[in-house]
């Protein structure tokens with residue numbers, strides 16, 4: 418083998434090795450987030466009380482299993498997507514309060530994201546389940562779980578009542594940093610009522 422052929426072979430092997438390493442790293446998924454400040458935070462407002470609690474990956478696995486967990490990002494080949502989940506509880510005081518997903522925003526790592534709704538998260542997993550050969554009763558059960566866990570686009574909270582659900586954010590978020598979550602509450606006529614702000618350090 419002459420020098421040029423040898424150099425070409427080494428270059429091809431190096432490129433193949435780097436590609437294999439990239440695929441292995443991306444297939445491994447994203448490292449789990451660890452909250453550094455209070456995992457549970459509260460907002461006491463004039464019209465409502467909110468409780469927001471970060472859900473660790475270990476707890477998500479305990480609730481929904483390790484394999485094909487609907488609320489943990491699946492391994493990807495090209496981009497590393499991260500799911501960040503929070504338990505949300507909201508209680509209204511003397512008048513109805515409207516919680517709308519499009520009025521909630523998380524700013525983290527230079528990216529802004531809104532929580533996913535039932536429909537879009539259901540579509541997200543339906544495509545992946547079809548690729549993995551998951552169908553029938555199992556697929557229906559998974560879609561039902563999504564509808565039970567994630568809140569509707571709008572949730573009306575009656576006076577002195579409480580509603581709860583999971584806020585799930587999806588995106589290419591970093592491992593470390595401060596995530597600021599803003600919740601704009603509305604009145605029953607969809608006018609701004611009051612705003613709650615939470616900061617989670619990762």
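Residue numbers (this note's numbering): 418 to 619.
Where a beta carbon is used, it is the ideal one built from N, C-alpha and C, also for glycine.
Ordered list of beta strand (DSSP E) runs contained in the region 499-568, each at least 3 residues: The region 499-568 contains these whole beta strand (DSSP E) runs: 499-509, 514-517, 521-525 and 528-530.
From the DSSP output, read off the bridge partner residues of residue 582. Your numbering for residue 582 matches position 165 in the chain shown. The bridge partners DSSP lists for residue 582 are 505.
Does DSSP put residue 447 in a helix, in a strand, or in coil? Position 30 of the chain shown holds residue 447. For residue 447, the secondary structure class from DSSP, reduced to helix, strand or coil, is coil.
Does the separation of the CB atoms of residue 601 and residue 520 fall below 8 Å? The sequence position of residue 601 within the chain shown is 184, counting from 1. The sequence position of residue 520 within the chain shown is 103, counting from 1. Yes; because the gap between Cβ atoms is below 8 Å, this pair is in contact.
I'd like the span of the beta strand (DSSP E) that includes residue 477, first residue to last. For this step, residue 477 is matched to residue 60 along the chain shown. That residue, residue 477, is in no beta strand (DSSP E); its alpha helix (DSSP H) goes 474-481.
Given a threshold of 16 other Cβ atoms within 10 Å of its Cβ, counted over all protein chains shown, does residue 474 qualify as buried or as exposed? To locate residue 474, count along the chain shown from 1; it is residue 57. Buried: at least 16 other Cβ atoms inside 10 Å.
Bridge partners of residue 617, per DSSP? Within the chain shown, numbered from 1, the residue matching residue 617 stands at position 200. 596, per the DSSP bridge assignment.
Going by DSSP, name the residue or residues bridged to residue 588. Residue numbering aside, residue 588 sits at position 171 when the chain shown is read from its first letter. Answer is 499, bridged to residue 588.
In angstroms, rounded to a whole number, what distance separates the CA positions of residue 568 and residue 529? Taking the first residue of the chain shown as position 1, residue 568 is located at position 151. Taking the first residue of the chain shown as position 1, residue 529 is located at position 112. Rounded to whole angstroms, residue 568 and residue 529 show a C-alpha spacing of 20 Å.
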